[in-house]
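S.K.: Supplied in structure tokens, the structure appears directly below.
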Amino acid sequence: MIDGRLTLSSYMTELLSAGQVSFARDEAIAALGITPSGFLKAAARLQRRGTLLNPRHGFYVVVPPQYLSWKAPPPSWYIDELMRHEGHSYYVGLLKAAELHGGTHQAVMEFQVVTDKRMPKLRAGRSIISFFYRKDMERVATAIVPHKTDTGSMKISSPELTALDLLRYRHATGTLDSITTVLSDLAAKLRPEPLATLAPAFERACIQRLGYLLDYLKQPDRAALLHEYLQKSRPLPWIELEPNRRHAKSSEPLERSSRWNVIVRQLPELDE
Numbered sequence: 616m617i618d619g620r621l622t623l624s625s626y627m628t629e630l631l632s633a634g635q636v637s638f639a640r641d642e643a644i645a646a647l648g649i650t651p652s653g654f655l656k657a658a659a660r661l662q663r664r665g666t667l668l669n670p671r672h673g674f675y676v677v678v679p680p681q682y683l684s685w686k687a688p689p690p691s692w693y694i695d696e697l698m699r700h701e702g703h704s705y706y707v708g709l710l711k712a713a714e715l716h717g718g719t720h721q722a723v724m725e726f727q728v729v730t731d732k733r734m735p736k737l738r739a740g741r742s743i744i745s746f747f748y749r750k751d752m753e754r755v756a757t758a759i760v761p762h763k764t765d766t767g768s769m770k771i772s773s774p775e776l777t778a779l780d781l782l783r784y785r786h787a788t789g790t791l792d793s794i795t796t797v798l799s800d801l802a803a804k805l806r807p808e809p810l811a812t813l814a815p816a817f818e819r820a821c822i823q824r825l826g827y828l829l830d831y832l833k834q835p836d837r838a839a840l841l842h843e844y845l846q847k848s849r850p851l852p853w854i855e856l857e858p859n860r861r862h863a864k865s866s867e868p869l870e871r872s873s874r875w876n877v878i879v880r881q882l883p884e885l886d887e
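In the numbering used here, the protein residues as written are 616 to 887.
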């Protein structure tokens with residue numbers, strides 16, 4: 616409880632002074648001792664001023680003075696509280712996690728979150744939060760790690776989970792060239808045992824493509840246990856390295872990797 620507040624604005628100021636940037640509507644109503652309609656009127660005024668954001672029903676984010684021009688603080692400041700409010704497990708993953716692990720050559724345009732609830736994209740000021748669905752979050756729980764933020768902490772995917780997700784959600788992670796470039800940056804942090812532990816939670820095609828790319832990046836030792844895992848499920852189907860490449864099957868393969876049963880029609884190139 617915060618004492619001495621008379622208005623929603625003063626309540627928000629005290630939250631900021633305590634290092635907190637988000638709150639639930641019901642918490643504020645109880646703390647201020649006002650009616651729901653009174654809260655909504657006050658919140659609407661502050662939203663028009665740009666000092667308050669309402670990204671999800673019943674969940675509010677305070678916009679600190681230094682972020683008024685951005686119209687919202689960074690999603691990392693409140694994503695943990697937002698997902699707790701939603702009541703669903705999550706982790707920050709894909710390209711955003713790769714960036715946090717030091718594995719990207721370019722700025723990540725979206726804040727990417729994997730969760731067990733289907734959620735639409737959120738626009739929060741200049742930021743876009745994109746959600747990706749995974750039904751069986753418990754299968755990757757051991758590879759979700761805490762990451763410190765300016766306002767506390769959030770959950771992110773380990774380097775190994777990040778690498779596998781880059782291939783699983785490839786529609787959201789760019790071209791084969793960009794995925795390979797990110798993997799080249801992550802490679803030194805990938806541990807063979809955790810990769811193999813995660814393998815049963817992923818489609819075989821993801822493992823085949825990741826294994827091939829690690830070999831291509833001259834990291835065969837990191838892919839060795841993935842290869843052992845795939846040997847248990849022989850015969851492996853032949854798959855395309857780029858499954859959605861236009862007219863892929865009409866061109867002659869450059870390579871047919873019998874180690875991974877991957878058909879390669881164009882070799883990836885690392886981004887500068």
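Just so you know, even glycine gets a beta-carbon here, dropped at the ideal spot from N, CA and C.
With distances taken Cα to Cα, identify the nearest neighbour of I854 among E843, I878, L668 and F746.
M.R.: I878
S.K.: I'd like to check one pair, G718 with V567: are the Cβ atoms closer than 7 Å?
M.R.: Because the chain here runs from 616 to 887, residue 567 falls outside it and cannot be looked at.
S.K.: If we count the other Cβ atoms within 10 Å of its Cβ and call it buried at 16 or more, is S848 buried or exposed?
M.R.: exposed
S.K.: Under 7 Å between the Cβ atoms of L810 and P774?
M.R.: Contact: no.
S.K.: Under three-state DSSP, which class holds M734?
M.R.: coil
S.K.: Any idea what DSSP makes of S772, helix, strand or coil?
M.R.: Strand, per DSSP.
S.K.: Give the list of continuous alpha helix (DSSP H) stretches no shorter than 4 residues that lie fully inside the stretch 688 to 763.
M.R.: 694 to 701 and 709 to 715
S.K.: I need the DSSP call for E870, collapsed to helix, strand or coil.
M.R.: Looking at E870 - three-state DSSP - the assignment turns out to be strand.
S.K.: Which residues mark the beginning and the end of the alpha helix (DSSP H) in which Y827 is found?
M.R.: R819 to Y831
S.K.: Do you know offhand how far I617's Cα is from Y626's?
M.R.: Residue confidence for I617 is low, a pLDDT of 44 falling below 50, so the modelled location carries little weight and cannot support an answer.
S.K.: Going straight from the alpha carbon of L882 to that of A633, what length do you get?
M.R.: 52 Å
S.K.: Give the DSSP bridge partners of A803, in chain order.
M.R.: Looking at the DSSP assignment, A803 forms no beta bridge with any residue, so it has no partner.
S.K.: Tell me the DSSP bridge mates of L667?
M.R.: V677
S.K.: Can you give me the Cβ contacts of E884 inside the same chain, cut-off strictly under 6 Å, excluding the 5 residues immediately before and after it?
M.R.: D792
S.K.: How long is the line joining the alpha carbons of G702 and D830, rounded to whole angstroms?
M.R.: In a straight line, the C-alpha of G702 is about 40 Å away from that of D830.
S.K.: Would you please verify whether the beta carbon of E714 is less than 7 Å from any beta carbon of chain D?
M.R.: The displayed structure is made up of one protein chain only, and chain D is not part of it.
S.K.: Do you know how far the Cα of R749 is from the Cα of A756?
M.R.: 12 Å
S.K.: Tell me whether I878 sits in a helix, a strand or coil according to DSSP, three-state version.
M.R.: strand
S.K.: Could you check whether the stretch 705 to 716 touches the stretch 733 to 743, counting it as contact only if at least three pairs of C-beta atoms, one from each stretch, sit closer than 8 Å?
M.R.: no
S.K.: Closer than 8 Å by C-beta to G673: which residues in its own chain qualify, once you throw out the five before and the five after it? Chain order, please.
M.R.: A639, R640, D641 and H700
S.K.: How long is the line joining the alpha carbons of N876 and R785, rounded to whole angstroms?
M.R.: 19 Å
S.K.: Check the DSSP bridge columns for E642 and list the partner residues they point to.
M.R.: Answer is none; E642 lacks a bridge partner.
S.K.: Give me the Cα-Cα distance between D751 and I649, rounded to the nearest whole angstrom.
M.R.: 41 Å
S.K.: Rounded to a whole number of angstroms, what is the C-alpha to C-alpha distance between E629 and L661?
M.R.: 15 Å
S.K.: Determine the closest residue to K872 out of D886, H842 and N859, with distance taken between C-alpha atoms.
M.R.: A small fix is needed here, since residue 872 is Ser in this sequence, not Lys. Closest option to S872, Cα to Cα, is H842.
S.K.: Buried or exposed for L621, please, with buried defined as at least 16 other CB atoms from any protein chain shown within 10 angstroms of its CB.
M.R.: exposed
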